[in-house]
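K.L.:
End of the sequence shown sits at 186 in our numbering; the numbers just go up one at a time, nothing left out.
The beta carbon of each residue, even a glycine, is placed where N, CA and C say it ideally should be.
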Amino acid sequence: MISYIALGSNLNNPACQLEVARAHIANIPGTSTIAASSVLKTQPIGPQDQPDFLNQIVVVETALSPHALLYALQAIENKMGRVRTLHWGPRVIDCDILLYGDAVIETADLIVPHPEIKNRAFLQQLMQEVGNFIEA
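#1: Residue 81: buried (16+ other C-beta within 10 angstroms of its C-beta) or exposed?
#2: Under the three-state reduction of DSSP, which class applies to residue 100: helix, strand or coil?
#3: Keeping to the same chain, check which residues put their C-beta closer than 6 Å to that of residue 186; ignore five residues upstream and five downstream.
#4: Provide the residue span of the beta strand (DSSP E) that contains residue 4, from first to last.
#5: Quick one: Cα of residue 140 to Cα of residue 89, how far?
#6: For residue 173, report the span of its alpha helix (DSSP H) as first-last.
#7: Quick test of your reading: residue 59 and residue 142, contact by CB under 8 Å. State the CB separation rounded to the nearest angstrom.
#8: With distances taken Cα to Cα, identify the nearest neighbour of residue 112 among 76, 168, 105 and 63.
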C-alpha cells in the first residue's frame with residue numbers, strides 16, 4: 051500500500067533529525083521509500099515561543115497495515131527521543147500518516163486522511179511536489 055508520511059522537527063538540528071527519520075523509515079520491514087519532498091521551513095502551529103520547523107513528506111510502499119505502520123512510526127519517534135508534553139509544542143521528530151492508499155480510517159489513535167491536510171498549506175505544497183502515487 052502507498053502511504054504519505056509527514057515529518058517535522060524543530061529541535062536538535064532538525065535537518066539531521068529528518069535525515070535520521072527517513073533512514074529509520076526506510077528500514078521498517080516490508081516498507082520501501084518511493085519519493086521524498088524537499089525540506090520546507092515553517093512557522094510553528096500553536097505556541098509561537100519555539101523554533102521554526104523543518105517539514106518534509108516521504109512516500110512509502112508498505113506491506114504493513116495502517117496501525118502497524120503507525121506503531122512503527124511511533125517507535126521511531128520514541129527511539130529518536132520524542133517526548134510528548136505539549137500539544138503542538140517543540141519536538142525532535144514528528145511522523146504522521148497523511149494518507150494510506152485511499153483508505154478512510156477513524157479510530158482513537160489514527161485518523162486517515164490526516165484531518166489537517168486541507169488546513170495546512172505547507173502539506174498541500176509538499177504533497178504536490180512529490181506527486182500522486184495512489185491509483186484513483
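P.N.:
Here's the rundown:
#1: buried
#2: coil
#3: The predicted model places residue 186 with a pLDDT of 48, which falls under 50 and marks its position as unreliable, so this point remains unresolved.
#4: Because the chain here runs from 51 to 186, residue 4 falls outside it and cannot be looked at.
#5: 18 Å
#6: 171 to 180
#7: 6 Å
#8: 76
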